[in-house]
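Residue numbers (our numbering), protein chains in the order written: chain D, 15 to 353; chain V, 15 to 353.
C-beta: ideal position from N, C-alpha, C; glycine also.
2 protein chains.
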Amino acid sequence: MRILSCVTVTSIDVAKLAGVSQATVSRALRDQRGTSESTRQRVRAIARELGYVPQQSGRSLSTSKTRRIGIVVGELTNPFYAALVDPIVHELGKRGYLGVLLYNDDAHEPTDAAIFDGSFDGVLLAAVSDNRLPQELEQRGIPYCMLNREIQGRREISASVPDNLRGSELVAGLLANLGHTEIGVISGPTSTTTGSERLRGFRDSLARRNIAVHPESIRKVPFTIEDGCRAAREILGARPNVTALFCANDLLAIGALEAAALEMRPVPQSLTIVGFDNISLARLRAFNLTTVAVDLSVLARQATMHLLDRVDDPSIEPLRIVHDVQLILRGTHSAPPLR
Amino acid sequence: MRILSCVTVTSIDVAKLAGVSQATVSRALRDQRGTSESTRQRVRAIARELGYVPQQSGRSLSTSKTRRIGIVVGELTNPFYAALVDPIVHELGKRGYLGVLLYNDDAHEPTDAAIFDGSFDGVLLAAVSDNRLPQELEQRGIPYCMLNREIQGRREISASVPDNLRGSELVAGLLANLGHTEIGVISGPTSTTTGSERLRGFRDSLARRNIAVHPESIRKVPFTIEDGCRAAREILGARPNVTALFCANDLLAIGALEAAALEMRPVPQSLTIVGFDNISLARLRAFNLTTVAVDLSVLARQATMHLLDRVDDPSIEPLRIVHDVQLILRGTHSAPPLR
DNA sequence: GTGAAAGCGCTAACAT
DNA sequence: ATGTTAGCGCTTTCAC
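Written out as structure tokens, the structure is:
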């Protein structure tokens with residue numbers, strides 16, 4: 015590859031060297047019918063030699079398509095997102111799209127601008143707790159799909175989510191059958207469906223079994239290890255008789271394990287801890303966490319496929335996909351200690 | 015915000031409603047001098063009302079600037095990258111740039127295209143082991159900066175890296191002083207400077223202390239927990255007398271801890287394990303990993319600042335920044351067991 | 001202070 | 001099969 019000048023190579027440069035018009039270059043490189051095999055070969059050869067790459071801004075200005083999908087993630091420290099992003103990017107690649115990770119931190123202005131300035135054909139929302147973004151995407155007619163979390167009570171928008179109610183019910187059943195009666199819950203923010211639904215499902219299931227959860231045994235905190243640890247210590251401090259903790263995700267559960275170590279409460283002999291998500295860390299010997307498995311790969315792929323379908327054909331109806339979950343019994347649960 | 019049509023709002027729409035020319039809208043919204051306060055106010059009001067967002071493709075086509083920086087990361091399952099990306103995105107935001115995460119998986123064609131199609135003003139390379147990308151960026155005159163890893167022997171390109179030699183020397187000193195003589199090393203791929211330099215620095219330091227590392231006690235594997243676990247089991251299988259393992263990063267060390275648990279080698283009584291990086295997981299009670307701390311936040315910020323400096327002024331010389339490291343003594347090291 | 005017009009690099013409709 | 005031309009939405013230069 016020889017770079018001729020210090021400025022960018024354009025299709026005009028290629029055209030000149032190939033002795034054809036600029037339009038022919040454009041056609042040839044996109045394998046459009048209506049170009050002879052010979053010129054196509056020649057154009058391609060020269061384009062390669064010059065290291066020509068069609069400029070995205072020109073292309074998308076003229077087509078109003080970008081072949082890019084924004085993926086809004088947050089709290090990238092959460093290994094959960096890693097498991098989600100991997101299959102998404104793969105699936106997008108298969109269909110010729112590029113996945114662009116948008117970091118949804120507190121100062122969301124730059125991310126916002128990018129989403130609405132025509133940079134993306136569609137957006138996957140994996141880390142959204144309020145409905146600001148979904149609402150604006152809706153208004154502007156930008157296809158999107160919620161991932162993992164969805165918007166409370168808005169079941170008519172596209173989403174690919176785990177069966178939170180079923181998962182928490184499974185945990186409630188497990189703990190009840192083991193004989194636990196003093197149970198604590200570390201839930202996520204109520205603004206997230208992963209937080210609120212898992213809490214609600216769990217309490218309702220326990221209630222059906224005549225087990226009540228004391229208000230002091232419930233904490234609603236952000237989905238981080240640190241918050242999980244703090245919350246667990248608070249619950250164990252306020253209600254020392256608690257023998258089991260249900261955590262709304264694995265990060266919180268890992269934090270709870272940390273707290274158990276600090277509070278000298280051996281797991282599972284003195285304290286049962288159950289998580290949700292089954293992130294890859296959960297199966298490490300160091301944690302060996304009993305949890306609810308969500309097939310994140312399938313969750314992510316389905317969302318991606320549905321979104322791309324809608325991008326290709328906006329008339330396609332929104333779809334809400336609920337994924338089955340499964341209880342994974344590892345080493346952090348047991349019957350409560352005898353008094 | 016009322017959206018008038020189903021299509022995108024352009025500056026012409028704003029201009030019409032404001033009763034000014036399209037050029038004036040462009041000027042007013044960018045606070046250019048040469049626009050009266052009153053029209054500026056009016057234009058802004060109408061733009062907001064219409065939900066107008068300047069289209070990036072149009073803008074960058076005309077300015078050949080994107081105010082976007084590509085961040086090439088890989089193995090997103092590695093929590094290491096999370097710690098890196100967070101400060102980068104923050105720093106970029108402060109200077110009005112958007113950080114776009116590009117996932118560098120095996121099939122890198124889409125990522126490549128994005129990098130070279132004029133989508134970015136500059137690129138941060140955080141997960142690159144060969145010099146294909148750096149070389150091409152160089153040829154095309156796209157500013158870039160290596161992060162954490164750099165290219166073997168190419169010290170004249172911009173990079174922000176930890177002092178790998180010093181770090182591994184610290185570990186060698188620690189292990190030697192504790193009395194270990196049978197030592198294993200789990201290193202990363204030799205194609206990465208983090209892998210090769212940490213291995214070399216460690217062996218050289220031990221050699222200076224007259225301690226040799228048996229070839230069977232060295233494994234070079236990808237930087238993952240699974241590979242770390244497998245490598246540790248292989249080493250412990252082949253050389254049961256090994257009493258200490260130095261791992262080229264914390265993920266490998268966590269894998270080694272897993273292996274120790276499986277092989278019934280209590281840590282640190284029977285086996286000392288030391289990592290590198292000090293990722294956030296390392297300090298959890300479940301691991302409590304002795305390791306070498308790199309201030310990733312500073313590493314990332316410096317790289318970002320230097321890159322943006324070069325973007326703003328391409329005449330600025332490349333800069334190689336080497337960051338100091340620090341030994342963090344936690345709970346996975348001790349003297350070797352008595353025979 | 002503001003408008004008119006050119007041009008960024010590309011695709012697509014039309015002409016040949 | 002290929003060339004010509006218009007136009008995507010923006011910034012910028014040049015008139016006024």
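Residue of the options minimising C-alpha distance to residue i
{"i": "V86 (chain D)", "options": "D:R223, D:C159 and D:I26", "result": "D:C159"}
{"i": "L341 (chain V)", "options": "V:D218, V:N178 and V:S172", "result": "V:N178"}
{"i": "L90 (chain D)", "options": "D:I239, D:A267, D:A274 and D:L213", "result": "D:I239"}
{"i": "I352 (chain D)", "options": "D:V175, D:T38, D:L266 and D:Q283", "result": "Note that residue 352 (chain D) is Leu in the sequence shown here, rather than Ile. Comparing Cα-Cα distances from L352 (chain D) to each of D:V175, D:T38, D:L266 and D:Q283, the minimum goes to D:Q283."}
{"i": "L138 (chain D)", "options": "D:R163, D:D131, D:R154 and D:F290", "result": "D:R163"}
{"i": "F216 (chain V)", "options": "V:S174, V:S294, V:G187 and V:A59", "result": "V:G187"}
{"i": "G136 (chain D)", "options": "D:T346, D:E331, D:G345 and D:V325", "result": "D:V325"}
{"i": "G88 (chain D)", "options": "D:I268, D:A29, D:A245 and D:A140", "result": "D:A140"}
{"i": "R212 (chain D)", "options": "D:R47, D:I330, D:E183 and D:R299", "result": "D:E183"}
{"i": "A173 (chain D)", "options": "D:P332, D:D338 and D:A349", "result": "D:P332"}
{"i": "T304 (chain V)", "options": "V:I268, V:R315, V:Q316 and V:L313", "result": "V:I268"}
Residue-chain proximity (residue i, chain D), Cβ-Cβ < 7 Å
{"i": "D291 (chain V)", "result": "no"}
{"i": "G251 (chain V)", "result": "no"}
{"i": "F130 (chain V)", "result": "yes"}
{"i": "L112 (chain V)", "result": "yes"}
{"i": "E240 (chain V)", "result": "no"}
{"i": "V256 (chain V)", "result": "no"}
{"i": "S133 (chain V)", "result": "yes"}
{"i": "E272 (chain V)", "result": "yes"}
{"i": "P351 (chain V)", "result": "no"}
{"i": "V67 (chain V)", "result": "yes"}
{"i": "A275 (chain V)", "result": "yes"}
{"i": "V39 (chain V)", "result": "no"}
Cβ-based burial, residue i [other Cβ within 10 Å; buried from 16]
{"i": "I26 (chain V)", "result": "exposed"}
{"i": "D241 (chain D)", "result": "buried"}
{"i": "Q149 (chain D)", "result": "exposed"}
{"i": "P280 (chain V)", "result": "exposed"}
{"i": "L151 (chain D)", "result": "buried"}
{"i": "I171 (chain V)", "result": "buried"}
{"i": "P328 (chain V)", "result": "exposed"}
{"i": "L343 (chain V)", "result": "exposed"}
{"i": "D291 (chain V)", "result": "buried"}
{"i": "S143 (chain V)", "result": "buried"}
{"i": "A221 (chain V)", "result": "exposed"}
{"i": "P254 (chain D)", "result": "exposed"}
{"i": "G198 (chain V)", "result": "buried"}
{"i": "N263 (chain V)", "result": "buried"}
{"i": "T204 (chain V)", "result": "exposed"}
{"i": "Q69 (chain V)", "result": "buried"}
{"i": "L276 (chain V)", "result": "exposed"}
{"i": "A59 (chain D)", "result": "exposed"}
{"i": "S35 (chain V)", "result": "exposed"}
Test: residue i CB closer than 7 Å to a CB of chain V
{"i": "Y117 (chain D)", "result": "yes"}
{"i": "A267 (chain D)", "result": "no"}
{"i": "L31 (chain D)", "result": "no"}
{"i": "L285 (chain D)", "result": "no"}
{"i": "R299 (chain D)", "result": "yes"}
{"i": "T91 (chain D)", "result": "yes"}
{"i": "Q70 (chain D)", "result": "yes"}
{"i": "L75 (chain D)", "result": "yes"}
{"i": "E164 (chain D)", "result": "no"}
{"i": "E170 (chain D)", "result": "no"}
{"i": "V308 (chain D)", "result": "no"}
{"i": "V103 (chain D)", "result": "yes"}
{"i": "E152 (chain D)", "result": "no"}
{"i": "E63 (chain D)", "result": "no"}
{"i": "A96 (chain D)", "result": "yes"}
The ligand PLP heavy atom lying under 6 Å from the CB of residue i
{"i": "L310 (chain D)", "result": "With respect to the ligand PLP, the structure offers nothing, as it holds no ligand at all."}
CB-CB length for residue i against residue j, believed under 8 Å
{"i": "T318 (chain D)", "j": "I102 (chain D)", "result": "5 Å"}
{"i": "S71 (chain D)", "j": "L75 (chain V)", "result": "4 Å"}
{"i": "Y66 (chain V)", "j": "V28 (chain V)", "result": "5 Å"}
{"i": "R81 (chain V)", "j": "Y111 (chain V)", "result": "5 Å"}
{"i": "T38 (chain D)", "j": "T24 (chain D)", "result": "Between T24 (chain D) and T38 (chain D) the Cβ distance is about 14 Å, and since that is not below 8 Å, they are no contact."}
Item to complete: Enumerate, from N- to C-terminal direction, the unbroken beta strand (DSSP E) stretches of 3 or more residues contained entirely within the region 81-111 of chain V.
Response: Whole beta strand (DSSP E) segments, 3+ residues: 82-87.
Item to complete: Kindly provide the ranges of any beta strand (DSSP E) runs that are 3 or more residues long and lie completely inside the region 161-232 of chain D, ordered along the chain.
Response: Counting only runs of 3 or more, we get 173-176 and 197-201.
Worksheet item: Which runs of the alpha helix (DSSP H) fall wholly inside the region 253-310 of chain V and span at least 4 residues, in chain order?
Response: Entirely contained in the region 253-310 of chain V, the alpha helix (DSSP H) runs reaching 4 residues are, in chain order, 264-276.
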